[in-house]
Amino acid sequence: MDVNYKIAIIIGTRAELIKTFPVMLELQRRNVPYYFIHTGQHNLGDFCKIFSIKKPNVVLTKEPKKSSKFNARQGKAVMWNVKLIGKIRKELKKIPGLEYVLYHGDTMTTATAALASSKLLNPFKKYKSVHLEAGLRSWDNFEPFPEEISRRVVGRFSDILFAPSEGSKKNLTKFKKKKVLVFGNTIVDAAHYSLDLAKKKKAKPFSKGKFAVVTIHRHENLKNKVRMEKIIEILSSVEMPTYFAIHDNTLKKIEDFGLLKKLKGIKNLHLIKPVDYVSFIYQISKCSLIVCDGGSMQEESLIFGKPCVILRKSTERPEGLKTNFQFLTKFDVEKSKAKIKEFSSPKFKIRSYENPYGGKGLSKKIVDVLLE
């Protein structure tokens, strides 16, 4: 290679890219070359262009035409990961002078990247493996699955762990020989950058008055008819205009369960196609209520101070539950309805809080550590 790449960054999904692009931007700002490996787990589309980061140096497997490679082919996921380990190792060996290998989160790509770059499979390696967003734990292997298992695998095989909060740092205390650092979560930089982009594009809110945004995508929810029935019942209690950005696989499961008619019968509910991250962040910044089962939206709720009803049994992001505006439903329909009524009341006020995932500027701190 003609270029001396000190850092390799392995990305597989859009969520990973969203939370990692601020680090990539900071490297570009300092003219630090990095080697961008895309595993092909998700179709990244125009994300690189939107966030002004370079295109991947290499794409290890063909990107799916749809959003994700495994929406309808879960059985092939294990074999894909096994093959991917060899491909990543081969790619890393091409990079002379490599000092750090970065990967983010808790996806299949994350676990595979950690294994492929580990001391176990590379006993004579000179580079350090770095996990961004380390230490998140729900302490339930099936809530969410397989993400919770992936987190534990990645923690074991990484050398440097960037934990997003003091709570996540405590979850890593058993790794006494590893370097654990707490600066916050890169999603703070990503969200503010995206909001600035949306404002430049003169984005408009879904509704002029109060409105709610909804997303549901967790595997453990979509495969469970009883849960989906409860979720729809909970959504029926939202009295303000509600915009449900529904993914194809979510819609299909609702149809398969025979619940689509009931969902469409909810007053004020609007089913919309998923929008790009920049546009969605703008809507979150303007909404009055979030109803979701995703971890990132719990973090975005804290960034913008928006009440959030979490459609899950447990969460790996418990810090927000200490505020007065995040509620973990545990699928208790009546308590959830009561909380939605409370959050929707004109009398409801968010108490003063400090975001446990930090403020803007984390990406600069991460790069400072990597370049020191």
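Sequential numbering of the sequence shown, starting at 228, is according to the numbering used here. By construction, the Cβ of each residue, glycine as well, lies at the ideal position given by its N, Cα and C atoms.
Does DSSP classify residue i as helix, strand or coil?
i, result
"residue 581", "coil"
"residue 299", "At residue 299, the pLDDT of 46 sits below 50, so the modelled position is not reliable; the number obtained from the coordinates is stated separately. Residue state, collapsed to three classes: coil."
"residue 444", "coil"
"residue 531", "helix"
"residue 395", "helix"
"residue 356", "strand"
"residue 288", "coil"
"residue 484", "coil"
"residue 457", "helix"
"residue 275", "helix"
"residue 331", "strand"
"residue 232", "coil"
"residue 361", "coil"
"residue 469", "strand"
"residue 268", "coil"
"residue 502", "coil"
"residue 496", "strand"
"residue 537", "strand"
"residue 372", "coil"
"residue 248", "helix"
"residue 323", "coil"
"residue 280", "coil"
"residue 544", "coil"
"residue 366", "coil"
"residue 474", "coil"
"residue 339", "helix"
Going by C-alpha to C-alpha distance, which of the options sits closest to residue i?
i, options, result
"residue 259", "238, 321 and 250", "250"
"residue 349", "313, 336, 372 and 367", "313"
"residue 556", "533, 454, 584 and 532", "454"
"residue 276", "254, 248 and 396", "248"
"residue 372", "281, 450, 524 and 387", "450"
"residue 255", "280, 264 and 586", "280"
"residue 369", "379, 415 and 497", "379"
"residue 494", "291, 463, 488 and 511", "463"
"residue 566", "535, 541 and 540", "535"
"residue 505", "229, 245 and 239", "245"
"residue 523", "596, 444 and 475", "444"
"residue 473", "500, 481 and 484", "500"
"residue 545", "528, 560 and 559", "528"
"residue 498", "305, 541, 242 and 442", "442"
"residue 533", "481, 543, 547 and 541", "547"
"residue 399", "414, 360, 597 and 237", "360"
"residue 435", "317, 599, 513 and 590", "513"
"residue 388", "404, 374 and 488", "404"
"residue 594", "231, 253, 228 and 236", "253"
"residue 355", "572, 406, 428 and 397", "406"
"residue 596", "540, 554, 574 and 329", "329"
"residue 433", "401, 423, 568 and 502", "502"
"residue 422", "574, 511 and 475", "511"
"residue 518", "489, 563, 317 and 479", "563"
"residue 457", "386, 576, 490 and 420", "490"
Is the CB-CB distance between residue i and residue j below 8 Å?
i, j, result
"residue 327", "residue 357", "yes"
"residue 425", "residue 516", "no"
"residue 233", "residue 347", "no"
"residue 486", "residue 461", "no"
"residue 537", "residue 525", "yes"
"residue 362", "residue 382", "yes"
"residue 681", "residue 290", "Residue numbering for the chain in the displayed model covers 228 to 599; residue 681 lies beyond these limits and cannot be assessed."
"residue 570", "residue 558", "no"
"residue 550", "residue 584", "no"
"residue 241", "residue 274", "yes"
"residue 410", "residue 589", "yes"
"residue 192", "residue 530", "Because the chain in this structure spans residues 228 to 599, residue 192 falls outside the shown range and cannot be described."
"residue 336", "residue 239", "yes"
"residue 543", "residue 364", "yes"
"residue 377", "residue 413", "no"
"residue 344", "residue 319", "yes"
"residue 586", "residue 415", "yes"
"residue 261", "residue 236", "yes"
"residue 367", "residue 374", "no"
Tell me, which residues are paired with residue i by DSSP?
i, result
"residue 263", "236"
"residue 406", "387"
"residue 516", "439"
"residue 433", "Bridge partners of residue 433: none, in fact."
"residue 555", "537"
The ligand HEM heavy atoms versus the CB of residue i: any closer than 7 Å?
i, result
"residue 544", "Absent from the structure shown: the ligand HEM. Ligands present: none."
Do the region 456-470 and the region 374-394 make contact, defined as three or more Cβ pairs closer than 8 Å?
-> no
Any contact of the region 262-269 with the region 332-342, i.e. 3+ C-beta pairs under 8 Å?
-> yes
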